[in-house]
């Protein structure tokens, strides 16, 4: 699966309120002329130059704009972990991987840290990351090519510290960067379909024998959306059937979907789809007003992240 992300003027993007049922109208986004586009491709790590350095990875994301960048992921029922990268410097594994996503209910969140180091003759590089990720809201996203329904928005707050040391040059630097990221995501597309970021930070540079130099930057804004994405069919957005919960999650042998519905429907479908949107299971069910409980057919599915959908064609 591949995506083409185009940079746009960020003033047209507003993350909105942390509430359900949002309508994000970004239909007027304008692409910045001349800005490089980022192509994101996902493939088997074994087909990439640094795959041998990450034997535990099962997905590699290749990011290409002006340079190539390889991100290696391990995706399991427990979450989506970034375990390292491949760059011009070679393979850069995290000594402490970073969790990008974990199973979350609405308003849920988690915190994680990551560490990376590269030590070679004359060069030392260290990176430390603290991050909080939350399931902020869901609703309808309007992009220039059309409307997208059942979109979730994931909010990320990150602090990153990078330090470089070149002993032969007597050079040392340390940068601290704070970034707030808002990712709009939809089932069937592995990466965000729209991104909005705000970042600021500080820097210290020390040349041997000279006074250290200090500087700050920000706020800096960045916004992108997937220009190759095909919109949902035109029509009214779907309304929620009710409050749903899945347990146990991650699933082992059995998992149950709980629904508190304000209406009754004689015919509905419970679907299980993989991270690429492929239908793996489909079971016809009925919905009663009030409390409902359905067994989710997870037996025989390979380890991974799955989306459970309960729909009646209208909700």
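In my numbering, the protein residues as written are 4 to 318.
Every residue, glycine too, gets a C-beta built ideally from N, C-alpha and C.
In this text the structure is predicted, and so the values were computed from the model without any measurement.
Local Cβ density within 10 Å of residue i, reported as buried at 16 or more and exposed below that
i	result
residue 193	buried
residue 150	buried
residue 43	buried
residue 35	exposed
residue 75	buried
residue 186	buried
residue 224	exposed
residue 295	buried
residue 146	buried
residue 92	exposed
residue 217	exposed
residue 30	exposed
residue 239	Only weak support is given to the placement of residue 239: the predicted model assigns it a pLDDT of 42, under 50, and the value that follows is read from those uncertain coordinates. The residue in question, residue 239, is exposed, as its Cβ has fewer than 16 Cβ neighbours within 10 Å.
residue 123	exposed
residue 105	buried
residue 9	buried
residue 200	buried
residue 236	Any reading at residue 236 needs caution, since the residue's pLDDT is 42, under 50, leaving its predicted position unreliable; the model's value is listed next. Flag for residue 236 reads exposed.
residue 233	exposed
residue 142	buried
residue 171	exposed
residue 195	buried
residue 213	exposed
residue 84	buried
residue 79	exposed
residue 161	buried
residue 88	buried
residue 47	exposed
residue 266	exposed
residue 117	buried
Pick from the options that is closest to residue i, judged by C-alpha positions
i	options	result
residue 221	122, 75, 203	203
residue 184	175, 173, 165, 139	139
residue 281	308, 270, 261	308
residue 81	96, 103, 99	103
residue 33	16, 26, 117, 41	16
residue 324	71, 218, 262, 181	The structure shown does not extend to residue 324, since the chain spans only 4 to 318, so no value can be given for it.
residue 125	271, 49, 173	173
residue 20	9, 105, 201, 158	158
residue 128	205, 26, 167, 137	167
residue 209	178, 89, 118, 50	178
residue 114	152, 122, 101	101
residue 57	39, 67, 98	98
residue 51	39, 37, 71, 40	71
residue 297	156, 289, 79	289
residue 107	89, 136, 90, 119	136
residue 27	229, 156, 266	156
residue 169	134, 196, 121	121
residue 250	299, 276, 285, 291	299
residue 13	228, 268, 276	228
residue 144	207, 116, 197, 59	197
residue 190	154, 162, 175	154
residue 215	176, 248, 230, 188	176
residue 45	39, 60, 291, 219	60
residue 95	258, 55, 112, 293	55
8 Å contact criterion, which residue i and residue j should meet: CB distance rounded
i	j	result
residue 311	residue 260	6 Å
residue 287	residue 274	Residue 287 to residue 274, Cβ: 11 Å. No contact.
residue 86	residue 77	5 Å
residue 11	residue 226	5 Å
residue 68	residue 90	Not a contact, Cβ separation roughly 13 Å.
residue 304	residue 262	The Cβ separation is near 21 Å, so there is no contact.
residue 292	residue 264	6 Å
DSSP beta-bridge partners of residue i
i	result
residue 171	BP columns for residue 171 are empty, so no partner.
residue 294	263
residue 312	274
residue 7	42
residue 179	164, 205
residue 20	Paired residue(s): none; residue 20 is not in a bridge.
residue 150	145
residue 12	Its beta-bridge partners do not exist; DSSP assigns none.
residue 227	10, 198
residue 101	85
residue 95	88
residue 269	Answer is none; residue 269 lacks a bridge partner.
residue 283	Note: residue 283 sits in no beta bridge, so no partner.
residue 250	259
residue 157	138, 186
Short CB-CB distance (under 8 Å) between residue i and chain D
i	result
residue 77	Considering every chain present, this structure includes no chain D. It has just one protein chain.
Please give me, in chain order, every unbroken run of the alpha helix (DSSP H) with length at least 4 that falls completely inside the stretch 25 to 80.
none
*What are the uninterrupted segments assigned as beta strand (DSSP E) that are 3 or more residues long and contained completely in the stretch 106 to 147, given in chain order?*
112 to 123, 126 to 146
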